[in-house]
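Chain order of the listed sequences is A and B. Using this note's numbering, you'd call the opening residue of the first sequence number 1 and step up by one each time. Using this note's numbering, you'd call the opening residue of the second sequence number 1001 and step up by one each time. A virtual CB, placed ideally from N, CA and C, is assigned to each residue, including glycine. Keep in mind that this is a model prediction, so the values were computed, not measured.
2 protein chains.
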Amino acid sequence: MPPKPKTQIERQQLRTLIIDAARELFVSRGVAAVTMREIAKRINYSATSIYLHFTDKEALLRAICDSDFLALATSLKNTLLITNPVERLHAMGRGYAAFALTHPNHYRMMFMTERTPCDPTESSLQQNNAEQDAYFQLKSVVSDVHAAGCFRSDLHDADLIAQTIWAGMHGVCSLQINMSEDKWIQWSNISDRLQLMQQVMMRGLLRENIGLN
Amino acid sequence: MPPKPKTQIERQQLRTLIIDAARELFVSRGVAAVTMREIAKRINYSATSIYLHFTDKEALLRAICDSDFLALATSLKNTLLITNPVERLHAMGRGYAAFALTHPNHYRMMFMTERTPCDPTESSLQQNNAEQDAYFQLKSVVSDVHAAGCFRSDLHDADLIAQTIWAGMHGVCSLQINMSEDKWIQWSNISDRLQLMQQVMMRGLLRENIGLN
DNA sequence: GTTGTTAACTTAACAATGTTAAGTAAATTA
DNA sequence: TAATTTACTTAACATTGTTAAGTTAACAAC
């Protein structure tokens, strides 16, 4: 009943209300299984109201992902305090996996769902800001490890190294999320798999005299 | 117009006709974007005819995946001829990535799409058959490398090792398939990423005196 | 204070989708 | 020749994302 001009702040509040409701549903039942009408009902609006704030379902999804990317970066922030760069890298890996496996449906939305690629300029997040950009955090740690002379002598490209570490952790996490129920494979313990992957990454990337403590 | 009792063989032929048409469409435009009506039109049947052979869209998807899993195992078969087990493992990794990146939509269907888990007993493929089971191929090579005493002394669990190698390659391939268009990341060359991942896996898993040739 | 105008909504409606129900026609059987 | 079965088809349904067409309240202008 109450249509009146809203302030910028009120609009923003409704926007995040939609995002939070949608996230909760997407996360618990998967993106495809949740309808716009359901999201709307959850916050006592009509489905069409959502379209006043997001051009379509995918834009809504992208907005949710944006705020989840921020959540990932935030959850990794405290590992940045570790002074030893190799230990910090190790801790970031553990933190990343913890995020993935405690929020599997967030993780699926962020990294495993097909999405039309988007401009970083259109994101609400700032690239290369350590508070908001988890990839930048990873790349920074990699650079620090490199600066400390801990990588093997043939490794110089921080992006390449970062992407390889990311791929290793992502491989374990995404197989766990998507395939761990598949009875074809006799899955080892997920913590064993994570641990071995980290060990392999460290042994494979670091000089030989650098231990994992 | 022509309804007449069909032989088992004719039924099977129509089944694979449906599978092939569906695969072609799924692969070129993605599973979600293809409708049952489209698949049917492609082979000049009505949409409902498909339901005489597959209980629903997902069952059709699963049948396609089954035959793609066979294709993967088949495409890796020739690497099994390599006598040196370490080289064989390396070649399997390259073969796996080649399959993933030349058939990205097959790969997405097989390993990246959410599916309700299925009994191995319901599959048309035989588990632990080297002709049909790519995971068994990998595990066998891992066992051979282990038997040759090439792994580090603390590594004994063939499943754990196989799953870690798989995760490493899957990580690189799946990030490439799902995220390579994402402008947030300055992606390195995919062949560099694959090469480094294999190098890291080898260095991380093998004894130190074992080279990659 | 009536009359627009605008903002924030709603209900109706649309086309498309997966799927099911209800035919239909040819072959086989009785 | 009649009945049944098989292999299909066309209709129909409920649900989806999305758009069009209102509706109602606040505010501005005269």
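* Backbone secondary structure at A/Met1 - three-state DSSP -> For the purposes of this step, residue 1 of chain A is taken as residue 1 along the first sequence, with counting starting at 1. Any reading at A/Met1 needs caution, since the residue's pLDDT is 44, under 50, leaving its predicted position unreliable; the model's value is listed next. Collapsing the DSSP output to three states places A/Met1 in coil.
* For a contact meaning CB atoms closer than 9 angstroms, what does B/Met1036 contact in chain A? -> Here residue 1036 of chain B refers to the residue found at position 36 when the second sequence is read from its first residue. Here the premise fails: no neighbours, minimum Cβ distance about 16 angstroms.
* Asked: Can you name the residues of chain A whose CB is closer than 8 angstroms to the CB of B/Phe1111?
  -> Here residue 1111 of chain B refers to the residue found at position 111 of the second sequence. Within chain A, the residues near B/Phe1111 are Leu175, Asn178 and Met179.
* Asked: For B/Ala1022, which residues from the same chain have a beta carbon less than 7 angstroms from its beta carbon, with the 5 sequence-adjacent residues on both sides left out?
  -> Translated into positions along the second sequence, residue 1022 of chain B becomes position 22. So the qualifying residues of the chain are Ile1039, Leu1060 and Ile1064.
* State the start and end residues of the unbroken alpha helix (DSSP H) segment that holds B/Thr1116. => Within the second sequence, numbered from 1, the residue matching residue 1116 of chain B stands at position 116. Here B/Thr1116 belongs to no alpha helix (DSSP H), and DSSP marks it neither H nor E.
* the segment 182 to 195 of chain A: which residues have C-beta closer than 9 angstroms to a C-beta of chain B, in chain order? -> Asp182, Lys183, Trp184, Ile185, Gln186, Trp187, Ser188, Asn189, Asp192 and Arg193
* To do: Would you please verify whether the beta carbon of A/His146 is less than 8 angstroms from any beta carbon of chain B?
  => Within the first sequence, residue 146 of chain A is the residue found at index 146, counting from 1. No, because no Cβ of chain B sits closer than 8 angstroms to the Cβ of A/His146.
* Asked: Mapping DSSP to helix, strand and coil, what is B/Leu1206?
  -> The sequence position of residue 1206 of chain B within the second sequence is 206, counting from 1. Three-state DSSP puts B/Leu1206 in a strand.
* Could you confirm whether any beta carbon from chain A is found closer than 8 angstroms to the beta carbon of B/Thr1074? => Against the second sequence, residue 1074 of chain B aligns to sequence position 74. Taking Cβ atoms only, chain A never reaches closer than 8 angstroms to B/Thr1074, which makes this a no.
* Asked: Terminal residues of the continuous alpha helix (DSSP H) containing B/Ser1216?
  -> There is no way to answer for residue 1216 of chain B, as the model of chain B reaches only from 1001 to 1213.
* Asked: Does the Cβ of B/His1156 have 16 or more other Cβ atoms within 10 Å, making it buried, or fewer, making it exposed?
  -> By 1-based counting over the second sequence, the position of residue 1156 of chain B is 156. When all chains shown are included, B/His1156 counts as exposed.
* To do: Check whether the Cβ atoms of A/Ala73 and A/Gln137 lie closer than 8 angstroms to each other.
  => For the purposes of this step, residue 73 of chain A is identified with residue 73 of the first sequence, where counting begins at 1. For the purposes of this step, residue 137 of chain A is identified with residue 137 of the first sequence, where counting begins at 1. Going by C-beta atoms, A/Ala73 is nearer than 8 angstroms to A/Gln137.
* Separation of A/Glu181 from B/Asp1154, as counted between CA atoms -> Here the question's residue 1154 of chain B lines up with position 154 in the second sequence. Here the question's residue 181 of chain A lines up with position 181 in the first sequence. Cα-Cα distance, rounded: 28 angstroms.
* For B/Glu1114, decide whether its Cβ has a neighbour in chain A, counting only Cβ atoms nearer than 8 angstroms. => Along the second sequence, one-based indexing puts residue 1114 of chain B at 114. Closer than 8 angstroms to some Cβ of chain A, the Cβ of B/Glu1114 qualifies, so yes.
* To do: For A/Phe151, write down the residues that DSSP places opposite it in a beta bridge.
  => Mapped onto the first sequence, residue 151 of chain A falls at position 151. Paired residues: A/Leu206.
* To do: Please list the partners that B/Leu1205 has in chain A, where partner means a Cβ-to-Cβ separation under 7 angstroms.
  => The sequence position of residue 1205 of chain B within the second sequence is 205, counting from 1. Chain order gives the chain A residues near B/Leu1205 as Val200, where near means a beta carbon separation below 7 angstroms.
* Asked: Among A/Ser174, A/Ala162 and A/Pro104, which has the Cα closest to the Cα of B/Gln1186?
  -> Within the second sequence, residue 1186 of chain B is the residue found at index 186, counting from 1. Taking only the C-alpha atoms, the option nearest B/Gln1186 is A/Ala162.
* Cβ atoms of A/Met169 and A/Met197: under 8 angstroms apart, would you say? -> The residue given as residue 197 of chain A occupies position 197 in the first sequence. The residue given as residue 169 of chain A occupies position 169 in the first sequence. It is a contact, given that the beta carbons lie within the stated cut-off.
* Answer with buried or exposed for B/Arg1193, where buried requires no fewer than 16 other C-beta atoms within 10 angstroms of its C-beta. => Walking along the second sequence from the start, residue 1193 of chain B turns up at place 193. Of the other Cβ atoms in all chains shown, 16 or more fall within 10 Å of the Cβ of B/Arg1193; this residue is therefore buried.
* Identify which residue in A/Leu125, A/Asp144 and A/Leu160 has its Cα closest to the Cα of B/Trp1184. => Here residue 1184 of chain B is taken as the residue at index 184 of the second sequence, counted from 1. It is A/Leu125.
* To do: Check distances from the C-beta atoms of the segment 85 to 113 of chain A to those of chain B and list, in chain order, the residues that come in under 9 angstroms.
  => Arg108, Phe111, Met112 and Thr113
* Minimum C-alpha distance to B/Ser1143 - residue among B/Arg1115, B/Pro1085, B/Thr1113 and B/Ala1097 -> Reading the second sequence from its first residue, position 143 is the one you call residue 1143 of chain B. Looking at the Cα atoms, B/Pro1085 is the closest of the given residues.
* Asked: What does a CB cutoff of less than 7 angstroms around B/Ile1043 pick up in its chain, not counting 5 residues either side in sequence?
  -> Counted from its first residue, the second sequence places residue 1043 of chain B at position 43. Contacts found: Leu1017, Ile1018 and Ala1021.
* Asked: Could you give the uninterrupted runs of the beta strand (DSSP E) lying entirely in the segment 1001 to 1082 of chain B, keeping only those of 3 residues or more?
  -> none
* Exposed unless 16 or more other CB atoms sit within 10 angstroms - verdict on B/Pro1002 -> In the second sequence, residue 1002 of chain B corresponds to position 2, counting from 1. For B/Pro1002, the predicted model reports a pLDDT of 48, less than 50, meaning its position is unreliable; a value from the coordinates is still stated below. By the beta-carbon neighbour count (other beta carbons within 10 angstroms, threshold 16), B/Pro1002 is exposed.
* To do: State the DSSP-derived secondary structure class of B/Lys1146, mapped to helix, strand or coil.
  => If you number the second sequence from 1, residue 1146 of chain B lands on position 146. The question names Lys, but residue 1146 of chain B in the sequence shown is His. If DSSP states are grouped into helix, strand and coil, B/His1146 belongs with the helices.
* Can you name the residues of chain B whose CB is closer than 9 angstroms to the CB of A/Gly30? -> The residue labelled residue 30 of chain A in the question sits at position 30 within the first sequence. Near A/Gly30 (Cβ distances below 9 angstroms), the residues of chain B are Glu1114.
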